[in-house]
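Asks: One structure coming up, written as structure tokens, with questions to follow.
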């Protein structure tokens with residue numbers, strides 16, 4: 002059926018993946034907090050940590066898939082789902098808890114990523130609007146029947162700076 006030692010290795014890898022997902026989620030929550038507190042934030046250090054964790058997660062996933070497919074003798078498998086079906090009751094309950102926990106983490110992470118993306122886009126829009134106002138590039142937008150914006154071009158001088166002085 003399966004080798005207990007290999008099963009334990011796969012379960013260890015899955016737990017490690019869950020830990021990395023928790024760390025990535027914590028970083029996204031930190032980003033979200035910073036974006037709501039400050040208008041302009043340097044997210045580079047957090048993004049670098051996140052990139053490192055995503056790379057770690059990718060490596061763990063490759064290792065899990067290799068170990069799991071060796072154990073299950075099947076290369077086209079949803080490993081966690083298949084593992085749940087093949088293990089004894091105690092391990093099954095543990096794997097189901099891990100699966101639910103990972104699903105919740107992934108849903109939270111998707112929500113945070115989406116929210117952070119929207120906040121970043123809003124900040125960029127505000128920067129663009131401010132720069133247009135400073136540079137006298139107030140553009141008027143008209144919308145066609147499809148709801149697409151049609152930029153009508155430069156419409157005046159800066160509302161903040163009188164360049165004629």
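Numbering (this note's numbering), first residue to last: 2 to 166. Cβ coordinates follow ideal geometry from the N, Cα and C atoms, glycine included.
1. CB-CB under 6 Å to residue 132, same chain, minus the five flanking residues each way: which ones, in chain order?
2. For residue 42, which residues from the same chain have a beta carbon less than 7 Å from its beta carbon, with the 5 sequence-adjacent residues on both sides left out?
3. With H, G and I counted as helix, E and B as strand and the rest as coil, what does DSSP make of residue 42?
4. Do the CB positions of residue 51 and residue 28 come within less than 8 Å of each other?
5. Could you have a look at residue 10 and say whether DSSP puts it in helix, strand or coil?
6. Go ahead and pull the three-state DSSP assignment for residue 88.
7. Please report the Cβ distance between residue 26 and residue 109, rounded to the nearest whole angstrom; I am assuming they are in contact, meaning their Cβ atoms lie under 8 Å.
8. To the nearest angstrom, how far is it from the Cα of residue 104 to the Cα of residue 98?
9. Are residue 15 and residue 32 touching if we call contact CB-CB under 8 Å?
Replies: On the basis of the coordinates in this document:
1. none
2. 35, 36
3. coil
4. yes
5. helix
6. coil
7. 6 Å
8. 10 Å
9. no
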